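Some notes on the structure that comes next.
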Amino acid sequence: MSETARELAITRVFDAPRELVFRCWTDPEQLVGWWGPTGVAAESVAVDVTGGGAWRIGMRNSADGAEYWCSGVYLEVVPPRRLVFSFAWDGEDAEDTLVTVTFAELDGKTEMTFHQTGFRTDESRDGHIEGWQSAFDDLVRHLGGAL
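According to this note's numbering, the sequence shown is numbered sequentially starting from 1218.
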């Protein structure tokens, strides 16, 4: 993982084919299996995985029942190699960030590089680092293993 004041980058290698890892990002039935930090489950997923298509995901915290919603627009979709989309939490002071996810074949496995930019504060970036790392741990479990 690397980071600057207003961006973050995370690279993971999954023991799964690139097409499957890409599908986990684009198929609602797959997204509900891993999206959100551990303990926060995706309950509502709507995606239009086309350039200009919208996405929206609702999650619920299992500990306190709190609901969280995030949404954005797909800016670039290149199956199974690349996704670029905007990302924002619902709310009055929501910051709109930009996410780029690339998927590379690596000896039968998939190297996924996640990059998010546009954070207003270090605190916001740091919270997203923790959340995404946790979500990617759940993606490992969803896929059945990773390196």
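Ideal Cβ positions, reconstructed from N, Cα and C, are used throughout, including at glycine. As the structure is a computational prediction, the values presented were derived from the model and not from experiment.
With a minimum length of 3 residues, the unbroken runs of beta strand (DSSP E) contained wholly in the stretch 1287-1354 fall at 1299-1306, 1314-1323 and 1326-1334.
The alpha-carbon separation between Glu1322 and Glu1312 amounts to approximately 32 Å. For Val1238, the enclosing alpha helix (DSSP H) stretches over residues Arg1235 to Thr1243.
Straight-line spacing of the CA atoms in Glu1224 and Thr1338 works out to 10 Å. Its Cα nearest to that of Val1295, the residue Gly1268 stands out among Gly1253, Gly1268 and Gly1348. In the three-state DSSP reduction, Arg1358 falls in the helix class (H, G or I). For Arg1229, the enclosing beta strand (DSSP E) stretches over residues Glu1224 to Phe1231. Per DSSP, the continuous beta strand (DSSP E) segment holding Ala1271 begins and ends at Ala1271 to Asn1278. Within the same chain, Arg1240 and Cys1241 come within 7 Å of Gln1247 by CB-CB distance, once the 5 residues on both sides are set aside. Counting along the chain, the unbroken beta strand (DSSP E) around Val1257 starts and ends at Val1257 to Val1264. For the pair Asp1355 and Phe1231, the Cα-to-Cα distance works out to about 12 Å. Residues Gly1289, Thr1314 and Val1316 of the same chain have their beta carbon placed closer than 6 Å to that of Phe1304, with the five preceding and five following residues left out of the count.
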